[in-house]
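K.L.:
Sharing a structure, written as structure tokens. Questions coming.
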Amino acid sequence: MAITGYIGGSLVVERLNKSYQVRDSEVAALQDINLSIGEGEFISIVGASGCGKSTLLRIIAGLENGHDGSVKLGDRRIAGPGLDRGMVFQEHRLIPWLTVEQNVAFGLNGLPHGETERLVREHLELVGLSGFAKAHPHQLSGGMAQRVAIARALVNQPKLLLLDEPFGALDALTKIQMQQEILRIWEVEQTTMVLVTHDIDEAIYLGDRVVIMSNRPGTVKRLISVDLPRPRDRSSFEFVQLRREIYAEFFAEAEKPFAYAI
Ligand code: ADP
Ligand code: MG
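Going from the sequence shown to our numbering is simple: count from 1 and add 7.
Have a look at this one:
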């Protein structure tokens, strides 16, 4: 089922710098980030904890200010939050006293009732939760709650979906299921997706390209294209080679490379 109304979005980040004021000093979080993401592309971003991945996503979401450089979605400069961008976090952030359908409808303001109902129904169907419209968040498993969060982020039919370690808190099997789900949704919806993850397998399994960020201040250290057909086989020779390459890159700066641990 393809939901109509999506217009793909290309994202261009140029010369982006971001510092935080911590007590009396400036701490650089991001340094000279340049990144061009094509319409409909799936980009994975990996990097050590604290290297600025969430900061980068929040800037793209329009939730941060006080940075230099430019961030454009299509031909529009991002200067604040907007319905053209959806975001999913590690925690589902659902409102506990609202039902699943009310949570998904939450951000849909000013639409005729019938239209809201249709969009919510279609997006619950998209994430495989049609039967849970009247449930409350506490009745859902972790994976199901994240599906609702994905439906809520997509219900406004954004051009760009930002995913900040969305499966990081899920158990290993649910995580793999959710990776397959997001892949299916991306293929159906053709929304541009930017996924931050600390899971290198997840980055390779999902991404058209993997962005490797350096330690803080975060810069784009390397971009790796994943030219493997989907669905990808995590045990294939090519997949394992890429994993090895990314691990080596990841730990190149560390005193003791962990590359042989894989
Ligand atoms: P990541 O998501 O890669 O773990 P973050 O983007 O959360 O990293 O943080 C990048 C750096 O910026 C970290 O060193 C963090 O401590 C710092 N930082 C993030 N948010 C703030 C803030 N609001 N004030 C001060 N420092 C911050
Ligand atoms: Mg983070």
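Ideal Cβ positions, reconstructed from N, Cα and C, are used throughout, including at glycine.
Determine the contact status of Leu-202 and Val-162, defining contact as a CB-CB distance below 8 Å.
P.N.:
Locating residue 202 in the sequence shown gives position 195, where the first residue counts as 1. Locating residue 162 in the sequence shown gives position 155, where the first residue counts as 1. Not a contact, by the Cβ cut-off of 8 Å.
K.L.:
By Cβ distance, which residues of its chain are closer than 8 Å to Arg-84, with the 5 residues on each side in sequence left out?
P.N.:
As a position in the sequence shown, residue 84 is number 77, starting the count at 1. Same-chain partners within the cutoff: Ser-77 and Val-78.
K.L.:
For Gly-57, verify whether its CB is less than 7 Å away from any heavy atom of the ligand ADP.
P.N.:
Translated into positions along the sequence shown, residue 57 becomes position 50. Gly-57 Cβ: within cutoff of the ligand ADP.
K.L.:
Between Thr-226 and the ligand ADP, is there a pair consisting of the residue's CB and a ligand heavy atom that are separated by less than 7 Å?
P.N.:
Residue 226 sits at position 219 when you count from the first residue of the sequence shown. No, Cβ of Thr-226 sits at least 7 Å from all heavy atoms of the ligand ADP.
K.L.:
Can you name the start and end residues of the alpha helix (DSSP H) that Lys-141 belongs to?
P.N.:
One-based indexing of the sequence shown puts residue 141 at position 134. Element bounds for Lys-141: n/a, residue is neither H nor E.
K.L.:
Enumerate in chain order the residues of its own chain whose CB-to-CB distance from Glu-21 is below 7 Å, with the five nearest sequence positions on each side excluded.
P.N.:
In the sequence shown, the residue the question calls residue 21 occupies position 14. Excluding sequence neighbours, Glu-21 sits near Asn-41, Gly-76 and Ser-77.
K.L.:
Please indicate yes or no: does the CB of Ser-242 lie closer than 7 Å to some heavy atom of the ligand MG?
P.N.:
Residue mapping note: residue 242 aligns to position 235 of the sequence shown, counting from 1. It does not: the Cβ of Ser-242 is nowhere closer than 7 Å to a heavy atom of the ligand MG.
K.L.:
Just the C-alpha distance for Val-195 and Leu-90, rounded to the nearest angstrom, thanks.
P.N.:
As a working note, residue 195 is residue 188 in the sequence shown. As a working note, residue 90 is residue 83 in the sequence shown. For Val-195 and Leu-90, the distance between alpha carbons rounds to 20 Å.
K.L.:
Output the residues surrounding the ligand MG, defined as those with a CB atom closer than 7 Å to any ligand heavy atom, in chain order.
P.N.:
My final list is Lys-60, Ser-61, Asp-171, Glu-172 and Val-203.
K.L.:
Tell me whether the region 102-119 and the region 167-179 touch, counting them as touching only if at least three CB pairs, one residue from each stretch, are closer than 8 Å.
P.N.:
The answer is no - the region 167-179 does not touch the region 102-119, with fewer than three Cβ pairs under 8 Å.
K.L.:
Quick check: the region 126-145 against the region 61-77, are there 3 or more CB pairs under 8 Å?
P.N.:
No contact exists between the region 126-145 and the region 61-77.
K.L.:
Excluding five sequence neighbours on each side, which residues of the same chain lie with their C-beta closer than 7 Å to the C-beta of Gly-15?
P.N.:
One-based indexing of the sequence shown puts residue 15 at position 8. The pLDDT assigned to Gly-15 is 47, lower than 50, so where the model puts this residue is not dependable; a value taken from the coordinates is nonetheless given after this. Closer than 7 Å at Cβ, skipping near neighbours: Glu-46, Gly-47, Lys-166, Gln-197 and Thr-199.
K.L.:
Would the C-beta of Ala-1 count as close to the ligand ADP, meaning under 7 Å from any of its heavy atoms?
P.N.:
Residue 1 cannot be examined here, being either before or after the span of the chain that is shown, 8 to 269.
K.L.:
Identify, in the order they occur along the chain, each residue of the same chain with its Cβ nearer than 7 Å to the Cβ of Arg-159, setting aside the five sequence neighbours on each side.
P.N.:
Start at 1 with the first residue of the sequence shown, and residue 159 comes out as number 152. So the qualifying residues of the chain are Asn-110, Val-111, Phe-113 and Gly-114.
K.L.:
CA-CA distance, Asp-208 and Val-29?
P.N.:
As a first step, residue 208 is located in the sequence shown; it is residue number 201 there, counting from the start. As a first step, residue 29 is located in the sequence shown; it is residue number 22 there, counting from the start. The straight-line gap from Cα to Cα measures roughly 34 Å.
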